[in-house]
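Colleague: The sequence shown begins at 473 in the numbering used here and counts up one residue at a time.
By construction, the Cβ of each residue, glycine as well, lies at the ideal position given by its N, Cα and C atoms.
Here it is: the structure, laid out below.
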Amino acid sequence: NLLCPFCSYGAVDRKVELYRGELLLVVRDFADIGTEAVTITGGGEPTLHPEFNKVINDALDLNYKVGMITNGTALGRADIGVLNEMVWVRISCSDHWDYFKYCDVVEKVVKETPAPDWGMSYVVLNNGAFRPDNFVNCVKFANDNGFAYIRVVSDLTHPEWITPMEEVRGTL
473 NLLCPFCSYG AVDRKVELYR GELLLVVRDF ADIGTEAVTI TGGGEPTLHP EFNKVINDAL
533 DLNYKVGMIT NGTALGRADI GVLNEMVWVR ISCSDHWDYF KYCDVVEKVV KETPAPDWGM
593 SYVVLNNGAF RPDNFVNCVK FANDNGFAYI RVVSDLTHPE WITPMEEVRG TL
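This is the structure we're talking about:
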């Protein structure tokens, strides 16, 4: 939903959607062969799926441990009870967009859902667009809200645009 340039799903038709019934068949098949955990992710904001809460409840009913990668922009759509059943939730941020447009929503949800380990992933864009102020603000937000970790990674989809990690380290 933010059209992040580093997204590994960038070439996927975003109008294609897996329906709850299809997802349930997949998670049941994997549960039958012993799978114990699932990560919810995929080309944008998972909570925008019209049946997000039901899909997560389906996985929980099958005794899956559930983790999720989200950009947080629509995190308020997730049921607090569902989020509290998750093992971990990672918020993805980058230089691509001003994360702090959405901080109030994320902060409210984090405070209401202490159960999962909250983490942050910051993707440093490798096109010379590194925004030290945005990066520092995201790290501060994660620290202020008790996140378990902050993961900093380069944009692996564009290896020709390398922003040295020394530059990133120098901002802290």
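Taking the CB atoms as reference points, tell me whether V442 and Y536 lie closer together than 8 Å.
Modeller: Outside the shown range of the chain, which is 473 to 644, sits residue 442, and nothing can be said about it.
Colleague: Which value, in whole angstroms, describes the spacing of the CA atoms of E523 and G493?
Modeller: Numbered from its first residue, the sequence shown carries residue 523 at position 51. Numbered from its first residue, the sequence shown carries residue 493 at position 21. Approximately 10 Å between the Cα atoms of the pair.
Colleague: Suppose you measure from the CA of S564 to the CA of L490; what does that come to, to the nearest Å?
Modeller: Reading the sequence shown from its first residue, position 92 is the one you call residue 564. Reading the sequence shown from its first residue, position 18 is the one you call residue 490. Cα to Cα, the separation comes out at about 22 Å.
Colleague: In chain order, what residues of the same chain have a beta carbon less than 6 Å from the beta carbon of V554, not counting five sequence neighbours either side?
Modeller: Residue mapping note: residue 554 aligns to position 82 of the sequence shown, counting from 1. Answer for V554: N525 and I528, listed in chain order.
Colleague: I need the boundaries of the alpha helix (DSSP H) containing R500, first residue and last residue.
Modeller: On the sequence shown, position 28 is the one that residue 500 refers to. Start and end: R492 to D504.
Colleague: Please classify G506: is it buried, with 16 or more other beta-carbons within 10 angstroms of its beta-carbon, or exposed?
Modeller: For this step, residue 506 is matched to residue 34 along the sequence shown. Burial call: exposed.
Colleague: Determine which residues share a DSSP beta bridge with T511 and list them.
Modeller: Position 39 of the sequence shown holds residue 511. In the DSSP output, where bridge partners are listed per residue, T511 has G539.
Colleague: Grab me the residues of D501's own chain with a C-beta within less than 8 Å of its C-beta, minus the 5 sequence neighbours each way, in chain order.
Modeller: To locate residue 501, count along the sequence shown from 1; it is residue 29. Hits under 8 Å: none found.
Colleague: Per DSSP, R562 forms a beta bridge with which residues?
Modeller: Stepping through the sequence shown from its first residue, residue 562 is reached at position 90. Paired residues: I541 and G591.
Colleague: Helix, strand or coil for R549 per DSSP?
Modeller: Counting from one through the sequence shown, the residue named residue 549 turns up at place 77. Reduced to three states, the DSSP call for R549 is helix.
Colleague: For D589, which residues of its own chain have a beta-carbon under 6 Å away from its beta-carbon, when the five flanking residues on both sides are left out?
Modeller: Sequence index remark: in the sequence shown, residue 589 carries index 117 (1-based). Closer than 6 Å at Cβ, skipping near neighbours: W560 and A620.
Colleague: Looking at the structure shown, is V624 part of a helix, part of a strand, or coil, going by DSSP?
Modeller: Working through the sequence shown from its first residue, we reach residue 624 at position 152. V624: strand per DSSP, three-state reduction.
Colleague: Between R562, S566, L597 and L496, which lies nearest to M540 when the distance is taken from Cα to Cα?
Modeller: By 1-based counting over the sequence shown, the position of residue 540 is 68. Residue R562 is the option with its Cα nearest to M540.
Colleague: Apart from the five residues just before and just after F602, which ones in its own chain have a Cβ nearer than 8 Å to its Cβ?
Modeller: Position 130 of the sequence shown, counting from 1, holds the residue named residue 602. Around F602: D567, V596, T635, E639 and V640.
Colleague: Here's a check: name, in chain order, each residue in its chain whose Cβ is nearer than 6 Å to the Cβ of T511, leaving out the five neighbours to either side.
Modeller: Position 39 of the sequence shown holds residue 511. G539.
Colleague: With DSSP as the reference, label V596 as helix, strand or coil.
Modeller: Your numbering for residue 596 matches position 124 in the sequence shown. Three-state result, V596: strand.
Colleague: For T542, count the other beta carbons within 10 Å of its own beta carbon; 16 or more makes it buried, fewer makes it exposed. Which is it?
Modeller: Residue 542 sits at position 70 when you count from the first residue of the sequence shown. Flag for T542 reads buried.
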